[in-house]
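Structure first, commentary second.
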Amino acid sequence: MSTLIRHGKVADDHWQWIEGDLPRVVERLEAGEHLVLPLAVWSAHRARLDPLHSGVWLGPDDAPETLLPWLAGIPLVAIHFPVFTDGRGYSLAHLLRRRHGYSGELQAVGDVLVDQLALMAQCGFDSFRLRADQSPAAALAALAGGLRSPWPGPVVPRFAAASAGHDVTPAYSLDMMHCRIDGRD
Amino acid sequence: MYRYKQADQRLVDDRVAQFRDQMTRFLDGRLGEDEFRPLRLQNGLYVQRHAPMLRVAIPYGTLAAYQLRTLADIARRFDRGYGHFTTRCNIQFNWVRLEEAPDILAELATVQMHAIQTSGNCIRNITTDPFAGVAADELFDPRPYCEIVRQWSTLAPEFLFLPRKFKIAFAGGAEDRAAVRFHDIGAIARVADDGRIGFEVCVGGGLGRTPMVGRSMRDFLPREELLNYFEAILRVYNRHGRRDNKYKARIKILVKDLTLEGFTREVEDEWAWTRGGPGCISDATFREMEAFFARHDDAPAAADDPGHLTALADSRAFARWVERNASAHREPGYAVVTLSLKKTGVPPGDATAEQMDGVAELAERFSAGEIRVSHEQNLVLPHVARRDLPALWEGARALGMATPNIGLLTDLVCCPGGDFCSLANARSIPVAAAIQQRFDDLDYLFDLGPLELNMSGCVNACGHHHIGHIGILGVDKNNEEWYQVTLGGREGSQAALGRVIGPSFAAGQIPDVIAHLLEVYVGVRHEGEPFIDALERVGLDAFKARVYGGAA
Numbered sequence: 000m001s002t003l004i005r006h007g008k009v010a011d012d013h014w015q016w017i018e019g020d021l022p023r024v025v026e027r028l029e030a031g032e033h034l035v036l037p038l039a040v041w042s043a044h045r046a047r048l049d050p051l052h053s054g055v056w057l058g059p060d061d062a063p064e065t066l067l068p069w070l071a072g073i074p075l076v077a078i079h080f081p082v083f084t085d086g087r088g089y090s091l092a093h094l095l096r097r098r099h100g101y102s103g104e105l106q107a108v109g110d111v112l113v114d115q116l117a118l119m120a121q122c123g124f125d126s127f128r129l130r131a132d133q134s135p136a137a138a139l140a141a142l143a144g145g146l147r148s149p150w151p152g153p154v155v156p157r158f159a160a161a162s163a164g165h166d167v168t169p170a171y172s173l174d175m176m177h178c179r180i181d182g183r184d
Numbered sequence: 000m001y002r003y004k005q006a007d008q009r010l011v012d013d014r015v016a017q018f019r020d021q022m023t024r025f026l027d028g029r030l031g032e033d034e035f036r037p038l039r040l041q042n043g044l045y046v047q048r049h050a051p052m053l054r055v056a057i058p059y060g061t062l063a064a065y066q067l068r069t070l071a072d073i074a075r076r077f078d079r080g081y082g083h084f085t086t087r088c089n090i091q092f093n094w095v096r097l098e099e100a101p102d103i104l105a106e107l108a109t110v111q112m113h114a115i116q117t118s119g120n121c122i123r124n125i126t127t128d129p130f131a132g133v134a135a136d137e138l139f140d141p142r143p144y145c146e147i148v149r150q151w152s153t154l155a156p157e158f159l160f161l162p163r164k165f166k167i168a169f170a171g172g173a174e175d176r177a178a179v180r181f182h183d184i185g186a187i188a189r190v191a192d193d194g195r196i197g198f199e200v201c202v203g204g205g206l207g208r209t210p211m212v213g214r215s216m217r218d219f220l221p222r223e224e225l226l227n228y229f230e231a232i233l234r235v236y237n238r239h240g241r242r243d244n245k246y247k248a249r250i251k252i253l254v255k256d257l258t259l260e261g262f263t264r265e266v267e268d269e270w271a272w273t274r275g276g277p278g279c280i281s282d283a284t285f286r287e288m289e290a291f292f293a294r295h296d297d298a299p300a301a302a303d304d305p306g307h308l309t310a311l312a313d314s315r316a317f318a319r320w321v322e323r324n325a326s327a328h329r330e331p332g333y334a335v336v337t338l339s340l341k342k343t344g345v346p347p348g349d350a351t352a353e354q355m356d357g358v359a360e361l362a363e364r365f366s367a368g369e370i371r372v373s374h375e376q377n378l379v380l381p382h383v384a385r386r387d388l389p390a391l392w393e394g395a396r397a398l399g400m401a402t403p404n405i406g407l408l409t410d411l412v413c414c415p416g417g418d419f420c421s422l423a424n425a426r427s428i429p430v431a432a433a434i435q436q437r438f439d440d441l442d443y444l445f446d447l448g449p450l451e452l453n454m455s456g457c458v459n460a461c462g463h464h465h466i467g468h469i470g471i472l473g474v475d476k477n478n479e480e481w482y483q484v485t486l487g488g489r490e491g492s493q494a495a496l497g498r499v500i501g502p503s504f505a506a507g508q509i510p511d512v513i514a515h516l517l518e519v520y521v522g523v524r525h526e527g528e529p530f531i532d533a534l535e536r537v538g539l540d541a542f543k544a545r546v547y548g549g550a551a
C-alpha cells in the first residue's frame with residue numbers, strides 16, 4: 000500500500016487512479032467518485048467533467064501547456080515518474096507551478112523515493128504518493144529537515160536584479176542563498 | 000578566489016550528513032544498489048576495478064594552497080599517498096574505501112571543497128582557462144561567471160536527473176585554452192561594440208563515442224541573461240533529450256536531431272518567458288563576484304630583473320624550463336608557470352602527497368597562495384614574479400615537477416585507462432610511459448616544437464584523444480588491447496576532430512608509429528612550422544604511407 004503525503008503530513012487519499020481510457024468515466028464522476036485521469040481522457044471528456052471531482056495526470060512526455068486554459072480550476076495535477084532517474088517531471092512541475100501559477104495540489108506519483116522528495120518539493124510538488132516500499136517516517140523526515148539548499152521552495156531568483164524593478168521579494172543577494180526548502184528561516 | 004559564504008558552507012556540511020545517512024542505509028541494506036547508484040555518483044563516488052574511486056571537484060580548476068594541503072592529507076590518510084588530476088581539472092583518489100567516503104567529504108568541507116556533481120547525469124564541474132585572470136590575451140576574467148554558474152548549478156533541483164551528463168566551460172579571450180567547443184555548453188567571452196559584456200554560446204560539443212565540435216547558437220548573450228539562457232537550454236534538453244539509449248542521450252544528439260536552427264528556436268522560445276525577468280543577474284552580484292577574483296596587489300616587478308636574466312644566460316636547463324613552462328602574464332614583470340606532471344615514468348596527471356604539499360608551499364612563497372589545474376593535467380602557478388623564477392625552478396626540480404616539456408610531445412594527456420578504470424578497453428599508462436621513454440631526448444623534443452598527444456583507454460575519451468594532434472585510442476579486439484591512431488585533432492578557435500589513419504596497432508608498435516609520423520613531419524615542415532600546421536598543409540597520405548608502408 001503506497002502512502003500519500005500531502006503538505007508534510009500522511010494523508011487520506013480519496014482519489015482513484017485511472018490508467019487508461021475508461022468507458023464509464025462520466026457516470027463514475029457523476030456518482031461522486033474522484034478520478035485522476037490520464038491527460039488524453041481528461042481532454043476528451045473535459046467539457047462534461049465536474050472540475051471538483053476530476054484530476055489529471057501527466058506522463059513525462061506530456062505537454063503541461065495543454066492544461067493552461069483550465070489550470071485554475073483543476074484540483075489535482077499528478078505527474079508520473081516511470082523511474083526515479085527520469086527527471087522530466089521536475090521540469091513539468093516547475094513549469095506548472097512557477098511559470099503558470101498553478102495553485103492546486105501537485106502530486107508526484109510512480110517511482111517516488113525518499114531521497115528525491117526534497118528536490119521534488121523545491122520544484123513545486125506539495126503531495127507525494129510514495130513507492131510502496133518507502134518508509135513514511137523517513138519521507139516526512141526528508142521533507143521536514145535535510146539539506147539546507149540554496150534552492151528554496153517559493154522560487155527566489157538567486158542572482159536577481161533588484162535594481163531592474165522586478166517584483167522579486169526579497170531581491171536576491173548572495174547572502175540570501177540560505178532560504179530553507181520549506182520557506183522558513 | 001571565491002570564499003564560501005555561510006550558506007555555501009551549510010550546503011556542503013548538510014550534504015556530508017545527507018550522504019553519510021545514505022551510505023549507512025546502503026551498507027545495512029535499507030537502500031538498494033540501483034537507488035544508491037545515482038546518489039553516490041552525484042557525490043563523486045564510483046565503483047572501480049580495484050576499489051571505489053572518489054572524484055573531488057576543483058571548481059574551474061582553482062585551488063588555494065591550504066586546499067591542496069588537505070588533498071595531500073586525504074591522499075595519505077585515505078588513499079595510497081597520491082591522487083590523479085583529470086582532464087576536467089578535478090582530482091581522483093583511486094584507492095578509497097567505500098565506507099570512508101563520507102569522512103573524506105567531511106574533510107573536504109572543512110576547506111570549502113566537495114565532490115558534488117563530479118559524476119552522474121547532471122551539470123558537472125565548470126571548467127575554464129587555467130590562465131584565467133592573468134592571461135595577457137584575455138578580454139575579461141571568466142571566473143566570476145564560472146562561480147555564478149557553479150552556484151546556480153549546484154543541486155539545482157530541476158536538473159539533477161538529466162538524460163546524461165552535462166559539461167559547461169568558459170573561455171575568457173581570443174585564445175581558447177579550455178576546449179570550450181568540446182562541451183555541452185561552451186561560453187566564449189565577447190565585448191559588444193557598445194562595450195557591453197557577454198558571451199558567444201556554443202552548444203552540442205563533446206568527445207566520447209560520437210565526437211562533435213560545438214556549434215555557435217548565439218553570437219552575443221548579454222551577461223545578465225546568462226542563467227536565464229542556460230536554464231532555457233537545460234530545460235529543453237531535460238524535457239526532450241533522448242532517454243532510451245545512453246549512447247544517444249547527450250545534448251549533441253538532440254541538437255543534431257532538431258537541427259541547430261530547430262534547437263535554437265526551442266531555446267529562444269523558452270528564454271522568451273524569462274528574458275529580462277527576475278532571473279537576470281544584478282550588477283551588484285557581478286561587482287561582488289568580481290571582487291572575489293580581483294588580482295591581488297602584485298608588487299611591481301621588473302621584467303628585466305638582473306638575477307633572472309643572469310640565470311637565463313648561465314643555465315641552459317633553466318632557460319629551457321622558462322621557454323616551455325613560463326607563459327606571458329598580463330603584467331610583464333610576472334609569469335604564469337606550469338609545473339609538469341608529465342615526468343617520464345610517472346602516470347600523467349598523478350601527484351604524490353609530498354608533491355602536493357610541496358606545490359602548496361611553492362604557491363605560498365611565489366604565487367599568492369594560488370594554484371590552477373589545467374585540463375592538460377598539469378599544475379599552474381599563476382602569479383610568479385620573474386625575479387623568483389630561479390628559486391621556483393629549484394623548488395620544482397626538487398619535487399620532480401620541472402620537466403621542461405609543456406606543450407611538447409611528452410606533455411601527453413592520458414586517462415587512467417585499464418589499470419584502474421572499469422570502463423577501459425585497454426591500458427593507457429604503460430603506452431604513455433613507453434612514448435615518454437622513447438622520446439626522452441630534450442634536444443629532439445625542442446626541435447619538434449609544439450605537439451599535443453592525447454590518449455584514451457576507451458571511447459568515453461577521458462584522455463580527449465579526438466583533439467590531440469596525435470590521438471591514441473585503446474580498443475578491444477578479441478580480448479586483446481589494440482590502439483587506433485588519429486591525426487589532425489586540435490582545440491582552440493580552429494577546433495577539429497582527428498581522423499583515423501588506418502588499422503590499429505599493438506601496444507609495442509606505438510612508439511615506432513609515433514617515430515614514423517615525426518620523421519614525415521621533420522621531412523616536410525617549413526622553417527618554424529608546427530606539426531599540426533604541416534599536417535594540415537600536406538594532408539594525411541604521406542603520414543599513412545610511412546606508417547603502413549604504402550599498404551594502408
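Quick note, the sequences are listed as chains A and B, same order. The first sequence begins at 0 in numbering that gives the first Met the number 0 and counts up by one. The second sequence begins at 0 in numbering that gives the first Met the number 0 and counts up by one. Ideal Cβ positions, reconstructed from N, Cα and C, are used throughout, including at glycine.
Alpha carbon of G497 (chain B) to alpha carbon of G348 (chain B), nearest angstrom: Cα to Cα, G497 (chain B) sits roughly 23 Å from G348 (chain B).
Report yes if the CB atom of G171 (chain B) is closer than 7 Å to the CB atom of A131 (chain B), and no otherwise. Here G171 (chain B) is near A131 (chain B), since their CB atoms are less than 7 Å apart.
Can you give the beta carbon distance from A177 (chain B) to F165 (chain B), rounded, assuming they're within the 8 Å contact cut? Between F165 (chain B) and A177 (chain B) the Cβ distance is about 16 Å, and since that is not below 8 Å, they are no contact.
Give the DSSP-derived three-state secondary structure of N453 (chain B) in the structure shown. N453 (chain B) falls in the strand class under three-state DSSP.
Proximity winner among B:V484, B:H463, B:G470, relative to R87 (chain B) (alpha-carbon distances): Of B:V484, B:H463, B:G470, the residue nearest in Cα terms is B:H463.
Interfacial residues, the segment 34–68 of chain A to chain B, with Cβ spacing under 7 Å: Listed by position along the chain: nothing, the set is empty.
Spatial neighbours of A50 (chain B) within its chain, please: C-beta separation below 6 Å, excluding the five flanking residues on both sides. Around A50 (chain B): W94.
Starting from the C-beta of P48 (chain B), find all residues in its chain whose C-beta is less than 7 Å away, skip the five residues before and the five after it, and write them out in chain order. Note on residue identity: the sequence assigns Arg, not Pro, to residue 48 (chain B). Cβ within range, chain order: F419, C420, S421.
Going along chain D, which residues have a C-beta under 7 Å from Q21 (chain B)? Chain labels in this structure do not include chain D; the protein chains are A and B.
Would you mind giving the Cβ-Cβ distance between A191 (chain B) and F219 (chain B), rounded to the nearest angstrom? I have them listed as a contact below 8 Å. Contact between A191 (chain B) and F219 (chain B) holds, with the beta-carbon distance rounding to 6 Å and staying under 8 Å.
When you compare the CB of D475 (chain B) with every CB in chain A, is at least one pair closer than 7 Å? Taking Cβ atoms only, chain A never reaches closer than 7 Å to D475 (chain B), which makes this a no.
Which of helix, strand or coil DSSP assigns to I73 (chain A): It is coil, neither helix nor strand.
Any idea if P156 (chain A) is buried or exposed, counting beta-carbon neighbours within 10 angstroms, 16 or more meaning buried? Confidence at P156 (chain A) is low in this model, with a pLDDT of 47, below 50, so its placement is unreliable and the value that follows should be read with caution. Counting Cβ neighbours within 10 Å, P156 (chain A) comes out buried, since at least 16 surround it.
Amino acids of chain A, ordered along the chain, whose beta-carbon sits closer than 9 Å to that of R2 (chain B): Those within 9 Å of R2 (chain B) in chain A number zero; the least Cβ separation is about 11 Å.
In three-state terms, what does DSSP make of P153 (chain A)? Any reading at P153 (chain A) needs caution, since the residue's pLDDT is 37, under 50, leaving its predicted position unreliable; the model's value is listed next. When DSSP states are grouped into helix, strand and coil, P153 (chain A) belongs to the coil group.
Which of the three DSSP states is assigned to W41 (chain A) in this structure? Helix.
Would L26 (chain B) be called buried (16 or more neighbouring beta carbons within 10 Å of its own) or exposed? Classification for L26 (chain B): exposed.
Judging by CA-CA distance, which residue of B:P141, B:T153, B:G205 is the nearest neighbour of E174 (chain B)? When each option's Cα is compared against that of E174 (chain B), the closest is B:P141.
Look up D349 (chain B) in the DSSP assignment and give the residues it is bridged to. Beta-bridge pairing links D349 (chain B) to B:H83.
Report the partner residues of D475 (chain B) according to the DSSP bridge assignment. According to the DSSP secondary-structure assignment, D475 (chain B) is paired through a beta bridge with B:E480.
Looking at the structure shown, is I232 (chain B) part of a helix, part of a strand, or coil, going by DSSP? Per DSSP, reduced to three states, the secondary structure at I232 (chain B) is helical.
T409 (chain B) classed as buried or exposed, judged by whether at least 16 other C-beta atoms fall within 10 angstroms: Taking a 10 Å sphere around the C-beta of T409 (chain B), we find 16 or more other C-beta atoms and assign the residue as buried.
Partners in chain A for F198 (chain B), counting only beta-carbon separations shorter than 7 Å: Simply none; closest approach about 15 Å.
Under the three-state reduction of DSSP, which class applies to I568 (chain B): helix, strand or coil? Any property of residue 568 (chain B) remains undetermined from this structure, which presents chain B solely from 0 to 551.
Compare the C-beta of G109 (chain A) against all C-beta atoms of chain B and say whether one is closer than 7 Å. So no, G109 (chain A) is outside the interface.
Whose Cβ in chain A lies nearer than 7 Å to the Cβ of R241 (chain B)? Under the 7 Å cutoff, chain A gives no residues; its nearest Cβ is about 11 Å from R241 (chain B).
For I434 (chain B), collect the residues of the same chain with a Cβ closer than 8 Å to its Cβ; drop the 5 residues on either side in sequence, then sort them by chain order. Cβ neighbours of I434 (chain B) beyond the five flanking positions: L408, T409, L411, L452, I509, P510, I513.
Is there a Cβ of chain A sitting closer than 7 Å to that of P381 (chain B), yes or no? Not an interface residue.
Considering only C-alpha positions, which residue in the set A:I17, A:L48, A:E29, A:A140 is nearest to L57 (chain A)? Here the closest residue by C-alpha is A:I17.
Measure the CB-CB distance between L112 (chain A) and Q133 (chain A) and report whether it falls below 7 Å. Yes, Cβ-Cβ distance for L112 (chain A) and Q133 (chain A) is below 7 Å.
Residues near A334 (chain B) in its chain [Cβ-Cβ closer than 7 Å; skip 5 each side]: A325, S326, H328, V383, R385, L388, listed in sequence order.
Is there a C-beta anywhere in chain A that falls below 7 Å from the one on E230 (chain B)? At a cut-off of 7 Å between beta-carbon atoms, E230 (chain B) makes no contact with chain A.
Is A293 (chain B) closer than 7 Å to G332 (chain B) when the C-beta atoms are compared? No, Cβ-Cβ distance for G332 (chain B) and A293 (chain B) is not below 7 Å.
Assigned secondary structure, G119 (chain B) (DSSP; H/G/I helix, E/B strand, else coil): Three-state DSSP puts G119 (chain B) in coil, outside helix and strand.
Closer than 9 Å at the beta carbon, the chain B residues around Y89 (chain A): Residues of chain B passing the Cβ test: P156, E157, F158, L159, F160, N237.
Please determine, among B:V499, B:R149, B:K476, the residue with the shortest C-alpha to C-alpha distance to V484 (chain B). With distances taken between Cα atoms, V484 (chain B) lies closest to B:V499.
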